[in-house]
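Going by our numbering, the first residue of the sequence shown is number 122, and it counts up by one from there. Glycine included, every Cβ here is placed at the ideal spot set by N, Cα and C. Structure record follows, encoded as structure tokens.
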Amino acid sequence: MHPLLGDDLARLPELLDETRAYAVRILQGLDDRPVAQLPVRREPTPLPAEGSGLKGAMEAFAERWEAGFAASAGPRYLGFVTGGSTPAALAGDWLTGALDQNPTSRVDSTAPDLEREAASWLRELFGLPAEHQGTFVSGATMSNLAGLAVGREWLGERHGISVAEQGAAALGPVTVLSGTPHSSVGKALSLLGLGRSAIRRVDTLPGREAVDVARLAEALEGLGGRPTIVVANAGTVNTVDFDDLRAIAALRERHPFWLHVDAAFGAFAALSPAHAHLVDGLGEADSVCVDLHKWLNVPYSGAVQFTRRRDLQARVFANSAAAYLGPVGDDPDPVHLTPENSRRLLAVPAWFTLAAYGREGHAEIVRRDIALAELLGERIAALPGYRLLAPVRLNVVCFTLAEAPERTGDLVTAITESGEAFLTPTVYDGVPALRAAFSNWRTTEADVERVAKLLERLAP
Ligand SMILES: Cc1ncc(COP(=O)(O)O)c(C=O)c1O
């Protein structure tokens, strides 16, 4: 063994204690760290020929990298839709690395069954019916990809072919209907060989991002019975609008389509009694995407993909040519269900946080974040110089500068430079805008007041 490795092994308990202490300093310093910084590009240094051991690496990391990292685990990082890590989720993540399981197949441990348990807990959390089975992937983009891949196989089934065997070309052109799809849907269609241009946008309701179901019905009618895919959206990124899932699902009585629902963060509306109606009908979907590193507050990365057609999922992802992995069978191992073969045991942080805080603990985070988004919405509506672009439907405030929306870019920069908060820019209905997204378990009313004061100070 290399002497540096041997030395680290001999001192492992002490070195891990130091790592733990370092992590604690980082977490306790979250409030003092600039929430975000304008990035300064760092060029790579040459590969160290002689290493410096774990302690040396930690010192180099602290000196060269850590200071430039964002406080994205903290309470005022309101960019994108970014969760933090609950204490239990973080502990679960550490132990995942310590145990270093590969849940590919059930040949050596019970690890895949932990994923099955965590997936069934998540299914319950979102109120999905028992026919939906969940599999872990690395993020909502992969979950959308996997769900749409199963949908593509379903299209093949309707045409009497297997796309998994014959390729996407055997299907001919495919239409994917959606009102306001997330950009990752285009990426998934590109990967699946269906092409980004397969997306046909359906009109949304006036002043909304939710699809107009009557127009969707017309579009389906226009396909003359050709099987298609509908991507319904449960929580759009700009205004967190929700398609009427039940009404869309009912259209399947007259038209053949695979219903995929992108509920990356919107699925969590099910945890708030006042908002659960927004995801009414989610269980009717054929496949559902839910991110976990957003509102479940597990560390990056993790998401879950639910479908009621596990048989088709296994047809797409089966790794059946390797004798050492065993047959696909009726209850396929994870290796036969997602794009990866070997991967991290992704479910552990989710399992830990659900075991630690249960449904109620997570419902409290969701309800609090919604209330905080509403509060910031009220503050912004009352501030001169700003204008809300949409009602706060769930956990995102979408707003702009009342007089000069084109200057929102400068405002985003000024917010970042302040180190007090981080918000991301967007364009909504042609208007440059900002989004403040609440999905962190640490955020409180005091944080909202700080953000409101900052916006007041920076108002033109
Ligand atoms: C609705 C929706 N779908 C998909 C995604 C993609 O998620 P990820 O970045 O985890 O792949 C996001 C991310 O913001 C999202 O909001």
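Check: Which of helix, strand or coil does DSSP assign to G281?
Finding: coil
Check: For F386, which residues does DSSP report across the bridge?
Finding: None; F386 has no bridge partner.
Next item on the list: Give me the Cα-Cα distance between G423 and L509, rounded to the nearest whole angstrom.
Entry: Taking the straight line from one Cα to the other gives about 32 Å.
Check: Since F257 is in the beta strand (DSSP E), which residue starts that stretch and which ends it?
Finding: Q254 to V258
Margin query: Along the chain, where does the beta strand (DSSP E) containing S305 start, and where does it finish?
Written below: From DSSP, S305 is part of no beta strand (DSSP E) but of the alpha helix (DSSP H) over S304 to L312.
Check: Taking C-alpha atoms, which residue in P448, A580 and A567 lies nearest to G506?
Finding: A580
Next item on the list: Check whether the segment 329–340 touches the segment 531–540, taking contact to mean three or more Cβ pairs, one atom from each stretch, closer than 8 Å.
Entry: Counting C-beta pairs with one atom in each stretch, the segment 329–340 and the segment 531–540 have fewer than three that are closer than 8 Å, which means they do not touch.
Check: Less than 8 Å separating the beta-carbons of S408 and V271?
Finding: yes
Notebook entry, point to check: Between the C-alpha atoms of E495 and A355, what's the straight-line distance to the nearest angstrom?
Noted result: 19 Å
Note to self: If you reduce the DSSP assignment to three classes, tell me which class E353 lands in.
What the structure shows: It should be noted that the sequence gives Ala, not Glu, for residue 353. A353: strand per DSSP, three-state reduction.
Check: If you pair each beta-carbon of the segment 402–421 with each one of the segment 260–275, do three or more pairs fall below 8 Å?
Finding: yes
Next item on the list: Over the uninterrupted beta strand (DSSP E) stretch that includes R322, give me the two end residues.
Entry: I320 to R322
Note to self: ligand 1 and H303: does any heavy atom of the ligand fall closer than 7 Å to the residue's C-beta?
What the structure shows: yes
Notebook entry, point to check: What three-state label does DSSP hand V449 in the structure shown?
Noted result: coil
Margin query: Checking the sheet assignment: what are the DSSP bridge partners for D568?
Written below: D568 is not bridged to any residue.
Margin query: Applying the 10 Å Cβ sphere with the 16-neighbour rule, what's the burial state of W562?
Written below: buried
Notebook entry, point to check: At a cut of 8 Å, does the segment 473–481 reach the segment 449–457 through at least three beta carbon pairs?
Noted result: The segment 473–481 vs the segment 449–457: no contact.
Check: Counting Cβ pairs, one atom from each stretch, are 3 or more of them under 8 Å apart for the segment 180–195 and the segment 220–234?
Finding: Touching, no, given that fewer than three Cβ pairs across the two stretches are closer than 8 Å.
Check: Hey, W416 and G213: beta-carbon distance below 8 Å or not?
Finding: no
Next item on the list: Going by CA-CA distance only, name the one from L199, R464 and Y143 that's closest to T217.
Entry: R464
Item checked: alpha helix (DSSP H) segment containing R102, residue limits -> Here the chain comprises residues numbered 122 to 581, so residue 102 is not present and cannot be evaluated.
Next item on the list: Please indicate yes or no: does the CB of D383 lie closer than 7 Å to some heavy atom of ligand 1?
Entry: yes
Notebook entry, point to check: Counting pairs of Cβ atoms below 8 Å between the segment 390–408 and the segment 482–493, do you hit three or more?
Noted result: yes
Next item on the list: Look at the alpha carbon of S299 and the alpha carbon of F427, and state the distance between them as a whole number of angstroms.
Entry: 19 Å
Note to self: Taking 7 Å as the cut-off, is the C-beta of D152 nearer than that to any heavy atom in ligand 1?
What the structure shows: Remark: the C-beta of D152 is outside contact range of ligand 1, defined as less than 7 Å to any heavy atom.
Item checked: Buried or exposed by the 16-neighbour rule on C-beta atoms within 10 Å, applied to G127 -> exposed
Notebook entry, point to check: How many Å lie between V513 and G404 at the Cα?
Noted result: 25 Å
Next item on the list: Could you name the residues that DSSP lists as bridge partners for S408?
Entry: H381 and T428
Checklist line | Cβ-heavy atom distance, N462 to ligand 1, below 7 Å | finding: no
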